[in-house]
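A quick write-up on the structure given underneath.
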Amino acid sequence: MSKPILEIKNLRKSFGGVNAVSGVNLTVKEKETLAIIGPNGAGKTTFYNLLSGRMVPSGGSILLNGQDITGLPPHKVSRMGISRSFQINNIFTDFTVRENVEVALTALHKQSRRWYNFASNNRQIQEEAEKILERLALKDLAHQRAGTISYGDKRLLEIAVVLATAPSIVLLDEPTAGMTPEETRKVINLIHNLSSTGEYTFLITEHDMEVVFSVADRIMVMHRGSPLVIGEPEEVRQNPEVRVAYLGEELEEEQSA
Ligand SMILES: Nc1ncnc2c1ncn2[C@@H]1O[C@H](COP(=O)(O)OP(=O)(O)OP(=O)(O)O)[C@@H](O)[C@H]1O
Ligand SMILES: [Mg+2]
Numbered sequence: 682m683s684k685p686i687l688e689i690k691n692l693r694k695s696f697g698g699v700n701a702v703s704g705v706n707l708t709v710k711e712k713e714t715l716a717i718i719g720p721n722g723a724g725k726t727t728f729y730n731l732l733s734g735r736m737v738p739s740g741g742s743i744l745l746n747g748q749d750i751t752g753l754p755p756h757k758v759s760r761m762g763i764s765r766s767f768q769i770n771n772i773f774t775d776f777t778v779r780e781n782v783e784v785a786l787t788a789l790h791k792q793s794r795r796w797y798n799f800a801s802n803n804r805q806i807q808e809e810a811e812k813i814l815e816r817l818a819l820k821d822l823a824h825q826r827a828g829t830i831s832y833g834d835k836r837l838l839e840i841a842v843v844l845a846t847a848p849s850i851v852l853l854d855e856p857t858a859g860m861t862p863e864e865t866r867k868v869i870n871l872i873h874n875l876s877s878t879g880e881y882t883f884l885i886t887e888h889d890m891e892v893v894f895s896v897a898d899r900i901m902v903m904h905r906g907s908p909l910v911i912g913e914p915e916e917v918r919q920n921p922e923v924r925v926a927y928l929g930e931e932l933e934e935e936q937s938a
């Protein structure tokens, strides 16, 4: 864990008078798993939207491997190696689990001009699809239609499709949202396994603290648009300001209940 893969400087986004992201400075190290946490409205999703090119920043810069990608559209950002998990409706429900991964791989190979010969590449795609399905524990479901598998498995398929684009940075947006505790534990294990391959850098936004503390190498706590603290899990757990930020959230919930 050494070289910076992402260098984010004074990144800002405002909507009218609301400063959703108000000065994020962050260096993401190659191959680390960085969790982004914070109360509702802290700016996590907006930060993701800036990174993936869905929104143009109001100010600041994003360097990917030293290259300025600030304000580039999503397809360019994705081609440069930042891929995010999309909503379930991006999965082709009439295709099998395996076909969904193969479609994503085919798109990648066409785009990278490695698509010389269909027959030989087809074999290569099948092997790659196999490897990805195995990594996400979806191999047994390979021949089922994507529309018929469980919610948890659909979310895993979403991640499989992201991995098929050969990203260097994977943005996971609440990967365990809506899952049962059992599915959540499965996802935690899979993310562990994926990060131990040393192929990916993960950014994960997540509300489930069990997930955060078991997968993250570092944690960025966002509060009102900027980082309250960026550090290793233990350091973050002990931080009094973090406790107050979360306690604040709990008090608000109690008041509105
Ligand atoms: N498209 C938008 N237009 C106007 N305001 C927005 C927009 N998107 C986000 N905001 C505002 O920016 C602030 C940050 O929102 P954001 O969705 O990034 O928070 P979050 O940390 O993802 O919250 P949550 O944990 O609830 O998902 C909020 O005040 C929100 O109302
Ligand atoms: Mg959000």
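Numbering (our numbering), first residue to last: 682 to 938.
Even glycine gets a Cβ: it sits at the ideal position worked out from N, Cα and C.
It should be emphasised that the depicted structure is a prediction, and the values quoted were computed from it without experimental measurement.
Would DSSP call N771 helix, strand or coil?
helix
Residue nearest to E780 in terms of C-alpha spacing, selected from L838, G698, S849, E863:
L838
For N874, is the beta carbon positioned less than 7 Å from some heavy atom of ligand 1?
no
Whole runs of the beta strand (DSSP E) within the stretch 715-775, excluding any shorter than 3 residues
740-745, 763-765
Give, in chain order, every unbroken run of the alpha helix (DSSP H) that is at least 4 residues long and sits entirely within the stretch 832-884.
832-844, 862-877
Bridge partners - L687, DSSP secondary structure assignment:
V709, L745
Which residues share a DSSP beta bridge with N700?
S695
Apart from the five residues on each side of it in sequence, which residues of its chain come closer than 7 Å, Cβ to Cβ, to A785?
V842, A845, T846
Excluding the five sequence neighbours on either side, which residues of its own chain have a C-beta within less than 6 Å of the C-beta of S695, listed in chain order?
S739
Classify M682: buried if its beta carbon has 16 or more other beta carbons within 10 angstroms, exposed otherwise.
Note that M682 scores a pLDDT of 49, beneath 50, so its modelled location is shaky and nothing firm can be said.
To which residues does DSSP link T787 through a beta bridge?
Looking at the DSSP assignment, T787 forms no beta bridge with any residue, so it has no partner.
DSSP has R899 in a bridge; who is on the other side?
L715
In three-state terms, what does DSSP make of I830?
coil
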